[in-house]
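With the numbering used here as the guide, the letters of the sequence shown map in order to residues -19 to 110.
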Amino acid sequence: MTDEEQIRALISGWAQAVHGGDIERVAADHGEDVVMFDVPPPYAGVRGLAAYLEVWPPFFEWQAQGASFDIESLEVTAGEDVAFAYALLRCGFPEDFTENPDNRLRLTFGLRKDDGRWVITHEHHSFPIG
C-alpha cells in the first residue's frame, strides 16, 4: 500500500473504533506524545496518550444512545515521514441532521512515520459555529 492508502486505512479504522466504543483500537495508532484539541474542554487540549484515553468514555456513552460517527470525506497529504489529513464526519443524532442537515464535525490529523509505521501525533475536532 502507498503511504496515502495506509493513512486512509488507519483513519477509517480509527473512526470505526470510535463508533464501536473500542478504546484500545481508538488509541492503537497514536503516538505517546499525541496532542488533541477537541470540541469539549479543556480548551488547551489534552497532551499525551494517557490523557487522550481519559476523554473518550463520556463520548462513547453519548454515542451509544444512537449517534452516528461516519466519515463523509477524507483528504490525505503524505510526505516521506510526516503527513496530514482532514475529514468531514456526520456526528450526531438523526434529529440533529433534521434541524441542521449540513452540520459536520471537522477533523484534522497530523501524523509522523515511526520505524516505518504511521502514528497520529495531532488530532483536532471542531464544529462550525452558526
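Glycine included, C-beta positions come from ideal geometry on N, C-alpha and C.
Going by DSSP in three states, residue i sits in which element: helix, strand or coil?
i	result
I51	strand
I109	coil
F73	coil
For residue i versus residue j, is the C-beta spacing smaller than 8 Å?
i	j	result
E52	L68	yes
G1	F40	yes
With a 10 Å radius around its C-beta and 16 neighbouring C-beta atoms as the bar for buried, classify residue i as buried or exposed.
i	result
M16	buried
D13	exposed
W42	exposed
Going along the chain, which residues of its own chain have a beta-carbon closer than 7 Å to the beta-carbon of residue i, five neighbours each way excluded?
i	result
S(-8)	I51
F124	This structure gives no information on residue 124, because the portion of the chain shown stretches from -19 to 110.
V35	D18, V26
L33	I3, A7
What residue range is occupied by the uninterrupted alpha helix (DSSP H) comprising residue i?
i	result
F40	29 to 43
D(-17)	-17 to 0
Leaving out the 5 sequence neighbours to the left and right, which residues in its chain are closer than 6 Å to residue i when beta-carbon positions are compared?
i	result
R86	S106
Between which two residues does the beta strand (DSSP E) containing residue i stretch?
i	result
D13	10 to 17
Looking only at its chain, what residues have a beta carbon closer than 8 Å to the beta carbon of residue i, apart from the 5 residues adjacent to it on each side?
i	result
H10	L29, Y32, V99, I100, T101, E103
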